[in-house]
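Remember, this note's numbering sits 643 above the position in the sequence shown when you count from 1.
As structure tokens, the structure follows; a few thoughts come after it.
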Amino acid sequence: AFEGLTDRLQQALSGLRRKGKVTDADLRETMREIRLALLEADVNFKVVKDFVRNVREKATGAKVLDGLNPAQQIVSIVNDELTTMMGESDVPLNKSPKIPTVIMMVGLQGAGKTTTAGKLALKLKNEQNARPMMIAADVYRPAAIEQLKTLGEQIDVPVFEMGTDVNPREIVKAGMARAAELKADYVFIDAAGRLQIDEELMQELADVKEIAHPDEIMLVVDAMTGQNAVETAEGFNNRLDITGIVLTKLDGDTRGGAALSIRAVTGKPIKFVGQGEKMTDLDIFYPDRMASRILGMGDLLTLIEKAQKDYDEKQAAETMEKMKSNTFDFNDFIDQMDQLQNMGPMEDIMKMIPGMANNPALKNAKIDPKDMAHIKAIVMSMTPAERENPDILNPSRKRRLAAGSGRPIVEVNRMVKQFNQMKKMMSGVMNGNMAGMEQMMNA
Ligand code: GDP
Ligand code: MG
């Protein structure tokens, strides 16, 4: 898969790789070629537009990492943006707190619903010792039920069916009752598909959804169908509010458009990829690995990763030193915030600090990403002198910050106060004094 796209991207970036310095014109030309490569690979035009804008922005404001030349940094930025386009990280299958977890497979005819249901059931059996069951709810093609039964025998998973003369709604009701009897922990509903989305199918699926209360509505999409796949996904998502996506046939000669656009367009995570017809050909979807595969620059990306890691370590060491010596300023604060934002929700990060996980003050801590954005707006309004020297922030300077950031003055005051508390706490902790931290937590 993706050979065409990978070649084009490599070509676009190879021009840069021979250069020691990247001019604005170089960057513009490279981005033009990347844009064309993505469009030709059938990536959604709006997704391409956002992608190009993001890469340009980041390339302009990029920090220079030791050990990388400017061209390598652009490869790194392109790789990061490709990753972000496809999701932040892998997203596991939804799971119900009590059995059974119900997984409803939806998608167009031939997308791979039946095959993927079998693959997933086998995976759960092998990896979690699960006891899955499958319900044959595609009554429009007699062959579909036979196919599921054969599959069930092959992987030794019970299949519930009532032939083709019963309404799928009734089949699902009876099937759910059977699952309870069997104490199945996963139930797969192999729902019907059509060649195209139509209202009758959507109504049937909506009804089945209401009856079965699925924990996961898994949209199965044939990756070879490019933009059509994305339009189909939007259709299913608008009507059924899907929870996950499986991209199938990535072993085929796909151009990459579906893989690269579907997450950005639907906002729903790709959870698995099908890469063959065998029952074991199903893999967890890792956006970063897929991005590297699409870029096809394994060696270079390893080098970049290392440089990134060295850089982060060096920065972390510097921050520690600053915390210790109590010279942590607003520039460091912004750096930290940027790093934290790449790591996940603030409250999760706080819990990773030794001794913090069980701190009662953190139990109900919720830090809104919006608050982070407000804080950043205030810091951005500071002059370089204010950032380096928070002590000079007198009332008139704070009023200016409030006006500049569009935040109320009370918020500016609170932010500066919290910054000072945090600074004190950090220097306390760094110098082996936990009392400082507790003081902060109770503030
Ligand atoms: P359904 O109509 O959505 O239930 O689709 P099926 O599960 O019947 O699959 C349609 C065809 O696609 C079958 O021949 C499958 O073997 C094939 N198929 C499904 N997933 C993959 C995949 O990941 N790779 C390849 N090569 N073939 C697949
Ligand atoms: Mg089927």
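Glycine included, each C-beta is placed from N, C-alpha and C at the ideal position.
| Limits of the beta strand (DSSP E) - the one that residue 914 falls within | 913-917
| message | Given a cut-off of 9 Å on the beta-carbon distance, is the pair residue 854 and residue 815 in contact? | response | yes
| field | Through-space distance from residue 719 to residue 791, alpha-carbon basis | value | 44 Å
| task | Taking 9 Å as the cut-off, decide whether the C-beta atoms of residue 839 and residue 763 are in contact. | result | no
| message | In this structure, how does DSSP classify residue 724 when only helix, strand and coil are distinguished? | response | helix
| request: Could you say which of 1016, 1046, 969 and 1058 lies nearest to residue 1066 if we only look at CA atoms? | output: 969
| field | Residue environment, residue 674, which counts as buried when at least 16 other CB atoms sit within 10 Å | value | It counts as buried.
| In the region 846-900, which residue ranges form an unbroken beta strand (DSSP E) of at least 3 residues, counting only runs that do not cross its ends? | 859-865 and 887-891
| Contact under 9 Å by Cβ, residue 847 with residue 811 | For the 9 Å CB-CB criterion, residue 847 and residue 811 form a contact.
| field | Coil, strand or helix - residue 954 by DSSP | value | Helix, per DSSP.
| request: Give every residue of the same chain whose Cβ lies closer than 7 Å to the Cβ of residue 754, excluding the five residues on either side of it in the sequence, and list them in chain order. | output: 836, 863, 864, 865 and 891
| query | Quick one, are the C-beta atoms of residue 972 and residue 912 less than 9 Å apart? | reply | no
| With distances taken from CA atoms, which of 670, 757 and 979 is nearest residue 1019? | 979
| task | Using three-state DSSP, classify residue 776 as helix, strand or coil. | result | strand
| For residue 927, which of helix, strand or coil comes out of DSSP? | Residue state, collapsed to three classes: strand.
| task | Classify residue 717 as helix, strand or coil using the three-state DSSP reduction. | result | helix
| field | Helix, strand or coil at residue 677 according to DSSP, with G and I counted as helix | value | helix
| Any chance the CB of residue 878 is under 8 Å from a heavy atom of ligand 1? | For residue 878, the shortest separation between its Cβ and any heavy atom of ligand 1 does not lie below 8 Å.
| Tell me which same chain residues have a C-beta within less than 6 Å of the C-beta of residue 724, skipping the five on either side of it? | 694, 697 and 698
| message | Could you pull the DSSP bridge partners for residue 833 from this structure? | response | Listed as beta-bridge partners of residue 833 by DSSP are 748 and 779.
| task | Please find out if some non-hydrogen atom of ligand 1 comes closer than 8 Å to the beta-carbon of residue 887. | result | no
| query | For ligand 2, which residues count as neighbours when the test is a C-beta closer than 5 Å to any heavy atom? | reply | 756, 757 and 787
| task | Indicate the three-state DSSP secondary structure (helix, strand or coil) for residue 695 in the structure shown. | result | helix
| query | For the candidate residues 715, 770 and 785, whose alpha-carbon lies nearest to that of residue 655? | reply | The shortest Cα separation from residue 655 among 715, 770 and 785 belongs to 715.
| said: Following a CB-centred definition, is residue 869 positioned closer than 8 Å to any heavy atom of ligand 1? | reply: For residue 869, the shortest separation between its Cβ and any heavy atom of ligand 1 does not lie below 8 Å.
| task | Report the three-state DSSP secondary structure of residue 800 (helix, strand or coil). | result | coil
| message | Buried or exposed, going by whether 16 or more other CB atoms sit within 10 Å of the CB of residue 1053? | response | exposed
| query | Counting pairs of Cβ atoms below 8 Å between the region 735-744 and the region 783-799, do you hit three or more? | reply | no
| query | Roughly how many angstroms separate the alpha carbons of residue 1000 and residue 744, rounded to a whole number? | reply | Low confidence applies to residue 1000: its pLDDT is 47, below 50, so where it sits in the model is not reliable enough to give any reading.
| Any 3 or more C-beta pairs closer than 8 Å across the region 768-787 and the region 899-912 | In short, these stretches do not touch, since the Cβ pair count stays below three.
| said: Quick check on residue 1027: does DSSP put it in helix, strand or coil? | reply: helix
| message | Is residue 752 close to ligand 1? I mean its beta-carbon at under 8 Å from any heavy atom of the ligand. | response | yes
| request: Report yes if the C-beta of residue 919 is less than 8 Å from at least one heavy atom of ligand 1; otherwise report no. | output: yes
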